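Have a look at the structure below before the remarks.
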Amino acid sequence: MPRHVDALFRPCRLQGYLCGLRRDPERFGTIDAVCCIHASSTGRAARGPELRPHATRSAVAMIPFSVLDLAPIPAGADAAQALRHSVDLARHAERLGYRRYWLAEHHNMPGIASAATAVVIGHVAGATQTIRVGSGGVMLPNHAPLVIAEQFGTLASLYPGRIDLGLGRAPGTDQITARALRRDLIGSADSFPDDVVELQRYFAAPAAGQRVRAVPGAGLNVPIWLLGSSLFSAQLAAMLGLPFAFASHFAPDYLMRALDAYRAQFRPSAALAKPYAMVGVNVFAADTDDDARRLFTSLQQQFLNLRRGTPGQLPPPVESLDALGATEQELASVAHALSFAAVGSRDTVRERLRRMIAQTGADELIVAAQIFDHGARVRSYEIAAQVRDELRDEAGG
1 MPRHVDALFR PCRLQGYLCG LRRDPERFGT IDAVCCIHAS STGRAARGPE
51 LRPHATRSAV AMIPFSVLDL APIPAGADAA QALRHSVDLA RHAERLGYRR
101 YWLAEHHNMP GIASAATAVV IGHVAGATQT IRVGSGGVML PNHAPLVIAE
151 QFGTLASLYP GRIDLGLGRA PGTDQITARA LRRDLIGSAD SFPDDVVELQ
201 RYFAAPAAGQ RVRAVPGAGL NVPIWLLGSS LFSAQLAAML GLPFAFASHF
251 APDYLMRALD AYRAQFRPSA ALAKPYAMVG VNVFAADTDD DARRLFTSLQ
301 QQFLNLRRGT PGQLPPPVES LDALGATEQE LASVAHALSF AAVGSRDTVR
351 ERLRRMIAQT GADELIVAAQ IFDHGARVRS YEIAAQVRDE LRDEAGG
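Start counting the sequence shown at 1; every next residue gets the next number (UniProt numbering).
This is the structure:
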């Protein structure tokens, strides 16, 4: 291990926990206790989220909606077209009152155009005026924290008050591609807590004796979010006092347990006084339930292809999945992964989202919609915005 990084996880005095400690006086001149994280928190449950009422009627009405965009490449199209569609969707989202527009880092995926996430964020931010733009997320183990601090410090300097930095600890790709990204030379999921704290330091005002600084970046305090689908990220976000976003739009198993852990263990910080949880949801809205269900088959096919190890471009919708030759086990797996979804007409989506918000107590929803036809995708976000406004009006918000 290089002498300037002496970071480790070791048994904590709390039974069953791991403690992360960073000693880095050369760069930061301080010793930082990172967190205590339950050692069993990285496991996956076999069941879906256990939903139960949580939010009040007024809370249901008032929460903001945001957009999660993977810059999907439809079958027969290319990345250039996908990125043009992202800009157009961002402009619509801004007009419709969505709070944020986040883009996700994925690599070696034929159907996703947002691999160079910081570049796309800058392009979208430059094409809009007020909406916050950010990462949902940057996979920090793929990068040196200093590089991310410089990239997002640059974005925050160009678009002050509009940039978010959402961080994940997965590679965002397969292991072969991860090695091609030189992850073995940069970091791993095990170093994620230390890397987050290092990144926070780069965004803070420089400390006495700090020899490595992010320029631009230092003193900008770019808002950091932690993203995840397990208890690990929820507990880390709680310990660091950061906002937390749960990836329930494709991994709903630990949703309620993660939210409960995050809220119960949250420690106020300079960044955040109380817990703030965002929940991911697939929304496929159309004029009729049947039309929406048909649009949803594109995402179902894409997930089926991923399960089979054959990722590709976003397929066109089909009338039925029966002709795809999928086994019952495959269909059940896809249905479970995509179960946290609101698919249907405006009335159907409104009732589904009302229930989701009430059951999770989410402070914000981030809406994903991998829809083949761009016009239908824009229309889906228009309907979701109408639903948001109707929920607000019902409560007199």
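For glycine and all other residues, C-beta sits at the position ideal for the given N, C-alpha and C.
All values reported here derive from a predicted model rather than from experimental measurement.
Cβ pair residue i, residue j closer than 7 angstroms
i	j	result
alanine 342	valine 349	yes
proline 110	leucine 314	no
aspartate 289	glycine 344	yes
phenylalanine 246	leucine 226	no
leucine 70	isoleucine 112	yes
aspartate 190	leucine 140	no
leucine 220	glycine 153	yes
alanine 238	tyrosine 262	yes
phenylalanine 340	proline 223	no
Contacts around residue i, its chain only, beta-carbon distance under 6 angstroms, and the 5 residues preceding and following it disregarded
i	result
arginine 377	Ala369, Ile371
threonine 177	His107, Asn108
alanine 258	Leu231, Ala234, Phe246
phenylalanine 250	Ala337
glycine 137	Gly166, Leu167, Gly168, Leu227
C-alpha gap between residue i and residue j, whole angstroms
i	j	result
histidine 38	leucine 236	With a pLDDT of only 37 at histidine 38, under the threshold of 50, the placement of this residue in the model should not be trusted, and no figure is reported.
aspartate 260	glutamine 151	33 angstroms
serine 230	leucine 167	14 angstroms
tyrosine 381	tyrosine 101	12 angstroms
residue 400	valine 279	With the chain represented from 1 up to 397, any question about residue 400 goes unanswered, as that position is not in the structure.
glycine 396	alanine 285	24 angstroms
arginine 354	leucine 96	19 angstroms
alanine 115	asparagine 305	20 angstroms
leucine 165	glycine 126	17 angstroms
alanine 384	proline 206	43 angstroms
glycine 241	alanine 323	48 angstroms
glycine 325	tyrosine 159	48 angstroms
valine 334	arginine 213	45 angstroms
serine 86	alanine 208	42 angstroms
glutamine 81	isoleucine 148	27 angstroms
alanine 292	leucine 338	14 angstroms
glycine 20	valine 281	With a pLDDT of 40 at glycine 20, under the threshold of 50, the modelled position of that residue is not reliable, and the figure given next carries that caveat. Rounded to whole angstroms, glycine 20 to valine 281 spans 32 angstroms at the Cα level.
valine 120	histidine 336	31 angstroms
aspartate 347	glutamate 198	46 angstroms
alanine 77	glycine 134	25 angstroms
glycine 122	glutamate 328	43 angstroms
leucine 68	valine 283	11 angstroms
glutamine 300	glycine 375	19 angstroms
glutamate 330	alanine 204	47 angstroms
leucine 391	alanine 118	34 angstroms
alanine 270	alanine 104	26 angstroms
aspartate 88	tyrosine 98	14 angstroms
arginine 179	serine 248	27 angstroms
arginine 84	alanine 332	34 angstroms
Spatial neighbours of residue i in its chain, beta-carbon cut-off 7 angstroms, leaving aside the 5 residues before and after
i	result
proline 317	Arg294, Leu295, Thr297, Ser298, Phe372
aspartate 363	Ile63, Tyr276, Ala277, Met278
alanine 79	Ile73, Ala113
leucine 272	Gly241, Leu242, Pro243
valine 387	Arg346, Val349, Arg350, Leu353
glutamine 302	Gly111, Leu314, Pro315, Gln370
glutamine 265	Gln235, Ala238, Met239
Local Cβ density within 10 Å of residue i, reported as buried at 16 or more and exposed below that
i	result
arginine 308	exposed
serine 66	buried
leucine 155	buried
arginine 379	buried
arginine 267	exposed
isoleucine 163	buried
valine 215	exposed
proline 145	buried
serine 320	exposed
aspartate 287	exposed
arginine 201	buried
threonine 360	buried
threonine 130	exposed
threonine 310	exposed
arginine 132	buried
glutamine 175	exposed
alanine 93	buried
For residue i, the residue or residues it bridges with in DSSP
i	result
glutamate 364	Met278
phenylalanine 69	Note that residue 69 is aspartate in the sequence shown, not phenylalanine. DSSP, once it has assigned bridges, lists Leu103 as partnering aspartate 69.
isoleucine 224	Leu165
phenylalanine 246	Gly228, Val279
phenylalanine 192	For phenylalanine 192, which the question treats as bridged, DSSP gives no partner whatsoever.
leucine 314	Pro74
isoleucine 112	Pro72
Chain C within 7 angstroms of residue i, Cβ atoms only
i	result
serine 298	Among the chains of the structure shown, chain C does not appear; only one protein chain is present.
Cβ shell of residue i (< 8 angstroms), same chain only, five flanking positions each side left out
i	result
arginine 169	Met139, Leu140, Pro141, Ala189, Phe192, Gly228, Phe232, Ser233
arginine 91	Ala127, Thr128
alanine 75	Gly312, Gln313, Leu314, Pro315, Pro316, Phe372
glycine 217	Ala149, Glu150, Phe152, Gly153, Thr154, Ala156, Tyr202, Phe203
methionine 356	Leu51, Val279, Val281, Phe340, Ala342, Ala362, Leu365
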